[in-house]
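A.B. asks: Going letter by letter, the sequence shown gives residues 80 to 190 in my numbering.
The structure is given below, and queries will be raised subsequently.
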Amino acid sequence: MSETWTFVCATGELLPGEMRTTFDEITSVPIIVFNLDGDLYALEDQCSHEDFGLSSGGEFDASLGTIECVLHGAKFDVRDGRALCAPAYEPVAKFPTRVEHGGVWTRDDRD
Numbered sequence: 080m081s082e083t084w085t086f087v088c089a090t091g092e093l094l095p096g097e098m099r100t101t102f103d104e105i106t107s108v109p110i111i112v113f114n115l116d117g118d119l120y121a122l123e124d125q126c127s128h129e130d131f132g133l134s135s136g137g138e139f140d141a142s143l144g145t146i147e148c149v150l151h152g153a154k155f156d157v158r159d160g161r162a163l164c165a166p167a168y169e170p171v172a173k174f175p176t177r178v179e180h181g182g183v184w185t186r187d188d189r190d
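Written out as structure tokens, the structure is:
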């Protein structure tokens, strides 16, 4: 588990309806951060169905709060990482976010 928070971007660089990717500074896990109507959510940037990055052409639908994997069409809820349709049945890992000192931060908090 990473105790170190990773800087994602300045708060003004992640507007509602946008997403931004980073890597956890300790675990090197790819993380994708979403701004959904002003609320920030972070998921592991990897489809649970196949080893493929959700941000690799994935479509963030801010009106539904979903991200779709372009590889096979699996969709995930950005708020909690749960799989919404086949071929994915397992959720993607969700990570904490925080806003501090004018920046957006996240970390891999898995044990």
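Glycine is no exception: its CB is placed at the ideal position from the N, C-alpha and C atoms.
Just the C-alpha distance for S107 and V157, rounded to the nearest angstrom, thanks.
C.D. replies: Stepping through the sequence shown from its first residue, residue 107 is reached at position 28. Stepping through the sequence shown from its first residue, residue 157 is reached at position 78. C-alpha separation (whole angstroms): 20 Å.
A.B. asks: Applying the criterion that 16 or more other CB atoms from any shown protein chain within 10 Å of the CB defines a buried residue, is L143 buried or exposed?
C.D. replies: For the purposes of this step, residue 143 is taken as residue 64 along the sequence shown, with counting starting at 1. Exposed, by the Cβ-count rule.
A.B. asks: Please determine, among L94, V87, A89 and I110, the residue with the shortest C-alpha to C-alpha distance to R189.
C.D. replies: On the sequence shown, residue 189 is found 110 positions in, with the first residue counted as 1. For the residues L94, V87, A89 and I110, the minimum Cα distance to R189 belongs to I110.
A.B. asks: Mapping DSSP to helix, strand and coil, what is T90?
C.D. replies: Position 11 of the sequence shown, counted from the first residue, corresponds to residue 90. It is helical.
A.B. asks: Taking a contact to mean a Cβ-Cβ separation below 9 Å, would you say E104 touches G160 in this structure?
C.D. replies: Sequence index remark: in the sequence shown, residue 104 carries index 25 (1-based). Sequence index remark: in the sequence shown, residue 160 carries index 81 (1-based). Taking 9 Å as the Cβ cut-off, E104 and G160 do not qualify as a contacting pair.
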